[in-house]
Each structure stands twice: as structure tokens, then as C-alpha cells.
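Peer 1: The structure follows.
Protein chains: 2
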Amino acid sequence: MKGFAILACLVSGACWAQSPADFQPATTNVWGAEYPRVDRLGSVQIRIKAPDATKVRLNFWSGPKVDLAKQADGFWIATVGPLVPGLHYYTVIVDGAEVSDPSSQAFFGGGKYASAVEVPEAGSTYYLPGDVPHGQVREVWYHSKVTASWRHALVYLPSDYDQSSRTRYPVLYLQHGAGEDETGWIRQGHANFILDNLIAAHQAKPMIMVMAYGYARRAGAPPVDFMGKPLGSPEALVAMQDMASVFEADMTQALIPFIDTTFRTLPDRDHRAMAGLSMGGMQTFQVTFNHLDLFSYIGGFSGASSFVLGDRKFDPKTDLHGALADPKVFASKVHLLWLGVGTTEPERIRGGLLRLHASFDAAGIKHVFYESPGTDHEWQTWRRDLRDFVPRLF
Amino acid sequence: MKGFAILACLVSGACWAQSPADFQPATTNVWGAEYPRVDRLGSVQIRIKAPDATKVRLNFWSGPKVDLAKQADGFWIATVGPLVPGLHYYTVIVDGAEVSDPSSQAFFGGGKYASAVEVPEAGSTYYLPGDVPHGQVREVWYHSKVTASWRHALVYLPSDYDQSSRTRYPVLYLQHGAGEDETGWIRQGHANFILDNLIAAHQAKPMIMVMAYGYARRAGAPPVDFMGKPLGSPEALVAMQDMASVFEADMTQALIPFIDTTFRTLPDRDHRAMAGLSMGGMQTFQVTFNHLDLFSYIGGFSGASSFVLGDRKFDPKTDLHGALADPKVFASKVHLLWLGVGTTEPERIRGGLLRLHASFDAAGIKHVFYESPGTDHEWQTWRRDLRDFVPRLF
Chain S
0 MKGFAILACL VSGACWAQSP ADFQPATTNV WGAEYPRVDR LGSVQIRIKA
50 PDATKVRLNF WSGPKVDLAK QADGFWIATV GPLVPGLHYY TVIVDGAEVS
100 DPSSQAFFGG GKYASAVEVP EAGSTYYLPG DVPHGQVREV WYHSKVTASW
150 RHALVYLPSD YDQSSRTRYP VLYLQHGAGE DETGWIRQGH ANFILDNLIA
200 AHQAKPMIMV MAYGYARRAG APPVDFMGKP LGSPEALVAM QDMASVFEAD
250 MTQALIPFID TTFRTLPDRD HRAMAGLSMG GMQTFQVTFN HLDLFSYIGG
300 FSGASSFVLG DRKFDPKTDL HGALADPKVF ASKVHLLWLG VGTTEPERIR
350 GGLLRLHASF DAAGIKHVFY ESPGTDHEWQ TWRRDLRDFV PRLF
Chain Y
0 MKGFAILACL VSGACWAQSP ADFQPATTNV WGAEYPRVDR LGSVQIRIKA
50 PDATKVRLNF WSGPKVDLAK QADGFWIATV GPLVPGLHYY TVIVDGAEVS
100 DPSSQAFFGG GKYASAVEVP EAGSTYYLPG DVPHGQVREV WYHSKVTASW
150 RHALVYLPSD YDQSSRTRYP VLYLQHGAGE DETGWIRQGH ANFILDNLIA
200 AHQAKPMIMV MAYGYARRAG APPVDFMGKP LGSPEALVAM QDMASVFEAD
250 MTQALIPFID TTFRTLPDRD HRAMAGLSMG GMQTFQVTFN HLDLFSYIGG
300 FSGASSFVLG DRKFDPKTDL HGALADPKVF ASKVHLLWLG VGTTEPERIR
350 GGLLRLHASF DAAGIKHVFY ESPGTDHEWQ TWRRDLRDFV PRLF
């Protein structure tokens, strides 16, 4: 809600008059679609065809629901904003059916293919395709004995990977959030362009980046319906942790060996990092602190250990296997411990990260704490996180 | 319509009783979604939550629209089929709003992210991930002076590409249909698995496969709204051809040079093929016959030259620059001319392909004509096309 600042003026009158010539189709639209449209200030117009509907609502996930107004031609329309820059998920609710907008590209979020509108950030080009060498993103399939299935992952390779046939690279494992999938960091996050630009500017080392599918269930086990449970509820958290432990097994027993045999990696802990957003941050803490023999760089983007979401205070002496009990020993072993959160994220998440940050400070644990100004539990926060995190690696 | 054979029994009664224990969630569902469900015979159940709607219809694109029945819990449900095996696009129409089903994965088709349900084909594993080496699919970005933009393409590399650092490979350019995009052949078609399996069985040579985004407009030109025109209308055809000529320029001036400098290709006409489905078949004929210096293998899957859709009879003496005027000269130059169509495709398309096939026969033009039994203008036809086409290459 905060940071979203909806002016929620239902079309026809005031909002159109404000800057009528300025609206442009969003870059997140499908080919040829004129709506959604965005103006220079970040106001957004959404239009849906639903001639026989009695009520159509717009549901921006980081803002309030807004009624659309019916026009004579069977289209429903609303103008919201200005919205903060970034990619904003939304759905439309047509007579009670929550669906995506056919004019928008579909992005996997919230456990389904949702719509999203990109509001440009004036002057920010770090996540756009620049006139620099572009790394490729490879789709790979690896077989996992843990899940007894073929699993799909995306792998970013720096642009010089194919030119230098002997060079070996460090690896960043980067995880999506709950309800998203392995495509999120590329399609929503533009992580490949962020790395392209940082590497071209010599602000980051060339590296391999692996984005895996963060859901896993053991062969023969029933599906885990963690998305069906109330987000943030104890039941959802337990289900998420159960799944994270299967993912941990898949990652350490199947994915990492596959990556290290398939690509020219530097296959040791000094050259292996893991980070993730939201649920992916939780998974990162679980995987890395259970396997400090494998990782030496750790990042939590709007998510860290599961106790971030609980009331319990972090205890460095016992939590995370006591790895943080001696800050000097920890700092000599783990090269980077990084936390980030947006300043307008929900209190439940922001409070948890702030408390963890304070606990780390109080215990003298070396870490980086980054706050993304004005952004919510959304992709603009995580793009900025990645931009800050990656230059500190390797 | 033909080949779809809808039993269209609206739930609750007869259909459920028929084989109630047999329904399984479709492989095309999002994680954890129990609907759509498919039974062994290919019957499909679709369920949508729309508590306040007054009418919900199901629109399988290769079949009739079917009303869903409202249940007490706010869900609407219908059972259709049995459907022929393959991937069937569909949308749902909620009080006049045509939208995708949140329980299905989204596949780009019809100019939007549509839903689809996969009906397995008993005994067919050629398009499934097998226990064989898997080629990678790379996402690449190339800059095009034709469009003055960064363009995205997918590139399949055979599984041994990285092991044999000197081997060079032939290249198949494979295009999607109108309303689809460069992701279609992988996500809907499983083209990578088809090649993996054929190559592992030594039925096809290891090759590179390039799937490009088939829409293009010249830098500064207005967008071409070919999807807004009635499909198959003269206006749509003209718009499609205009766009194809820009795509032709992009492909020959930007894409092919990019591929040949980026990957270890055999960069000559003897080792370069092009095929495409529907609109992609039309583009294939346009590009290859304008550039026989670049291509020697040509495939039209449910689409070929634009006159397939018109009434005009093909004239080998003058059409396609007269390249087919002398069948012997043509056969010595072009190693493969391949046409395919499903037996239950709409008359407009099927008739056109049959007429072209007859014209080729009458003129003594060597070619392959393949008919996919029982399948419509849908992906199962094109998967079979690819399986027949690829072993004949290189």
C-alpha cells in the first residue's frame, strides 16, 4: 500500500485531461496492444473488454483494488498512479473471476501467469539491454534423483564465455520468490541485462548465474500446496520450509554437480555465491548455512531465515547452527553476508529484516544492509539489490 | 471442428460417472493446480472460479464453444472430449471477457498468453524429455539495424556442442505461426526434446536450431496490426506479407550473420534449412525462394506461400521467381522441398496445401508431402511434421 500512492481516478474526466498526449503503451504489453499505457509521471491506464460483466476490478498486488468504469464500447477502463518505477504485478477481477489481462505479457507470479506493467525509472538504464556485449541465457534440463524427474533451470553465461575456451568462472545461484519460478529473474528482473551492464562497466567480475526452479518434492511424495495456505501463516511457513529442504537436497546433490560438470566453473566455496528474494532468501539461508563447505557469499533480498517472519529474536549463539557465534571466525570464512529490503515493504517483512540487521549489528557480525528507497516487495527492489550485491562478489 | 469430437457433457452427471477415478491434472497446469484434468481417453475437465458471473464459456480454439455449469462453491466446470492427443489452446469467456485460465500455464498464441491443455498420445514419447543427452536452448539477443532494436531468439544446440570444441554444425531456422512467438517451438512444440530424441537414436544429424521472433517493423515505421484484421482476410494477408518482408531483411542481414559469427555453424547453403508453421511456412517460402543462395532445405508446415490461402492456382513457370520452372534444375539445387498438413485442418488451409501438392506433382517437382492423421491446425501436427522433416536434413 505504502509507496503506491494511487490517485485512483476512474477515467473519463480529470486524469485524461492531466496529460492526455503523454500516455505510451507499456513495454510489458504483447505485440501491438495499446493498453496498458503509462505516462511520464508513472500513471497507468488499464483497459479490459468485458461487454457483459457487471463489475470489473483492478488488483495491483502492491496497492488497493480499484473499480474500472464501463464505457459504451464494452471496454472497462481505469487510471491509477502515479506508481513508483518498476514492474507491478496485477490481475483483473471480472465478476469475481481473478484473471490476467490479455493485453499484457504474462509473468509467472503468485502461482499463476499474472499481468504486469513496467513503469520506467527516469535515468535508470542498468536493467535495460545496453549497447554492450550480451551474455546468453541457457535453458538446461538436469535429472534429479531427489525428485526423480527432469528439472529445468536457466543459466546466464557472461558474453566472453565462448571466446575464452579455457577460462573458468565463479557461480552465483539466484532464486525467485514464492509463487514465481526460474524464469522470474530474467523476465521480470532483467538479471541478465544487469550483469551485462555491470560486467561491461568493469563493476562486476564475469560470472555464471544459475536460476533454478525453487519447488521440489521427493519422488513419490504428495504435492505440497504451500500456495493454498494463507501467505505468511505458520502453516505456509512450515510447508515452505519442508519444500526448501527437498530443494536443498536437489540443489546440492543434483544441480550443483550438474552445473560444475556442464560449465567451466570454479567449483569451490570461494567462487560460489547464493542469493534469493523473499522465499528465495529463506532458501538461501537454509542451503548456505547447511553447506558452508560449498558457499562463501550469501544474500537475502527481502527474505532471509524463516524467523525473519516470526516474532522470535535471532540468537547468533544457537541459530543457523551457531555459525555466527564467533563473528571473527564467521567473517574469515564467509566473504559476504548481505541483507536488503525496500523502505515501503510490508511491516511484516521489513520489520523482520530490520530486526535481523539490528541483531547482526548488536552481535558484531559483519554484513551489508541495503535499503531500496521508496520501493515495495516488488521487482524494482530486487533489481537494485542485485545491482548492489553482484559487484561485491568474487 | 473436425477431429475435435466434443461430447460436451456439462458436468455433474454422465461424464464424471464414466471414468471418475481416471482424471489426472494436466502436465500443462501450473504447480499444484488440480484442474484442468485429463483422463485416459482424452476427456478434459476445466474448472474456473467466477462466483459472481452469469455466464462462463469455454473456447477450445479447435472446437466449438461450450457453456460451463455453475456449482454451489462458485466454481464453473465443464467436461469436453475425448480430444485428439496434443496441445490444445483454449480461453474462457467470463461475462464477455475472453481471458486465460489461471490454473493453466500460459502459452503465447493468438497474440496473447493463452491457456492450453496437453492430452497425452498413448505410446508417443518422441516429444517428451527422454533418458538421453539433452541439448541446451540458449536465449540470445542480437541487434538489428533493420528494426533498430535488440531482438530475442532461441537457439537449440545439440548435446555434444560443448564437448567437441571444433565441430561445426548445420543450422535449421524454424519459425512459429501467426499470433505465436519465438518461444512456441520449445514450450508448445517441445522441438528440443524431438531433436534430442532423434539425434540420440541416430535418426537425425546433430544440428543447431534457431527460433526467431517472426514479427518485425522497420525502424521508425508504425506498428502493423495484422492480428487485428480478420484471420485469412486479404487485408490480414497483405499485412502479414509486408511484415514478412521486414522479417526477411532482419533475418538475412542481422540474424543469420549473428548466428554464423556466434556459433560454430557450417555457414553455407548446403548446411542451412528453413521451415515454419502456418505464417512461418509462408515466411519460409518468402525467405528461402528470395535467397536460394542461402538455403537448400525448405519446409512448409500447414503453410507455404501466401497463395496457399488464395484461390489462384500455383504456376511453377512464374511463381516463386520461376525457381521451379525446371524441376531438374530445382532438384539439383534444393535438396528438400517438404509440405505437411493435418487431415482435419480447416478446408481453407488443407485445400491450399493439397492444391499446391497437386501442382507440384503435375509439374514433376520433387517434394515430400506428409499428412498428419486426425490432427488439426494445432501443435500435434507440427510436432509430427518436425519429426518427419528433421531426419531428411543434411
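Heads up: the protein sequence lines correspond to chains S and Y, in order.
Number 244 in numbering that gives the first Met the number 0 belongs to position 245 of the first sequence; there are no gaps in the numbering.
Number 335 in numbering that gives the first Met the number 0 belongs to position 336 of the second sequence; there are no gaps in the numbering.
Even for Gly, the Cβ is constructed at its ideal location relative to N, Cα and C.
Values in this document were obtained by computation on a predicted structure and should not be read as measured data.
(1) Once DSSP output is grouped into helix, strand and coil, what is the label at W30(S)?
(2) Spatial neighbours of A243(Y) within its chain, please: C-beta separation below 6 Å, excluding the five flanking residues on both sides.
(3) How should G116(S) be labelled, buried or exposed, when 16 other C-beta atoms within 10 angstroms of its C-beta is the threshold for buried?
(4) For S164(S), decide whether its Cβ has a neighbour in chain Y, counting only Cβ atoms nearer than 7 Å.
(5) Compare the C-beta of G95(Y) with all C-beta atoms of chain S and state if any pair is closer than 7 Å.
(6) Give the residues of chain S in contact with S99(Y), contact being defined as C-beta atoms less than 8 Å apart.
(7) For P128(Y), would you say it is in contact with chain S, using Cβ-to-Cβ distances shorter than 7 Å as the test?
(8) Compare the Cα-Cα distances from H290(Y) to each of L265(Y), S148(Y), L319(Y) and report the closest residue.
(9) Would a C-beta distance cut-off of 7 Å place S102(Y) and A113(Y) closer than the cut-off?
(10) Taking 7 Å as the threshold (C-beta atoms), are H189(S) and Y126(S) in contact?
(11) How is the alpha helix (DSSP H) around R347(Y) delimited, first residue to last?
(12) The ligand NAP and D161(Y): does the residue's C-beta get closer than 6 Å to at least one heavy atom of that ligand?
(13) On the criterion of 16 or more Cβ atoms from any shown chain inside 10 Å, does G279(S) qualify as buried, or is it exposed?
(14) So, helix, strand or coil for K327(Y), using DSSP?
(15) Is there a Cβ from chain S that is less than 7 Å from the Cβ of P50(Y)?
(16) Hey, would you say I198(S) sits closer than 7 Å to L156(S), going by beta carbons?
(17) Taking Cβ to Cβ, would you say G122(S) is nearer than 7 Å to D195(S)?
(18) What span of residues does the alpha helix (DSSP H) with D387(Y) cover, start to end?
(19) For A200(Y) and P119(S), I'd like the C-alpha separation in whole angstroms.
(20) In the DSSP assignment, find the unbroken beta strand (DSSP E) run with F106(Y) in it and report its ends.
(21) Counting Cβ pairs, one atom from each stretch, are 3 or more of them under 8 Å apart for the region 381-388 of chain S and the region 346-363 of chain S?
(22) Given a threshold of 16 other Cβ atoms within 10 Å of its Cβ, counted over all protein chains shown, does S295(S) qualify as buried or as exposed?
(23) Between V29(S) and chain Y, is any beta-carbon pair separated by less than 7 Å?
(24) Does the beta-carbon of P169(S) have 16 or more other beta-carbons within 10 angstroms, so that it is buried, or is it exposed?
(25) Should the region 270-278 of chain Y be called in touch with the region 296-315 of chain Y, which here means at least 3 C-beta pairs below 8 Å?
(26) Going by DSSP, what residue range makes up the alpha helix (DSSP H) through Q202(S)?
(27) DSSP on H320(Y), reduced to helix/strand/coil?
(28) Would you decide whether V136(S) is buried or exposed? Buried here means 16 or more other CB atoms lie within 10 Å of its CB.
(29) Pick helix, strand or coil for W337(Y), following the three-state DSSP scheme.
(30) Taking DSSP's pairing of strands, which residues face K144(S) in a bridge?
(31) Reducing DSSP to helix, strand and coil, say where V131(S) ends up.
(32) What are the boundary residues of the beta strand (DSSP E) that includes A211(Y)?
(33) Using three-state DSSP, classify S371(Y) as helix, strand or coil.
(34) Is the region 76-92 of chain Y touching the region 51-67 of chain Y in the sense that three or more CB pairs, one from each, lie closer than 8 Å?
(35) For L392(Y) and F107(S), I'd like the C-alpha separation in whole angstroms.
(36) Quick check: V83(Y) and G373(Y), are their CB atoms within less than 7 Å of each other?
Peer 2: According to the structure shown:
(1) coil
(2) Q282, Q285
(3) The displayed chain sequence assigns Val, not Gly, to residue 116(S). Under this definition V116(S) is a buried residue.
(4) yes
(5) yes
(6) V98, S99, P101, A105, Y112
(7) yes
(8) L319(Y)
(9) no
(10) yes
(11) 346-361
(12) Absent from the structure shown: the ligand NAP. Ligands present: none.
(13) buried
(14) helix
(15) yes
(16) no
(17) no
(18) 378-388
(19) 49 Å
(20) 105-108
(21) no
(22) buried
(23) yes
(24) buried
(25) yes
(26) From DSSP, Q202(S) is part of no alpha helix (DSSP H); its letter is neither H nor E.
(27) helix
(28) buried
(29) strand
(30) The partner list for K144(S) (beta bridge, DSSP) is empty, contrary to what the question assumes.
(31) coil
(32) 207-211
(33) strand
(34) yes
(35) 37 Å
(36) yes
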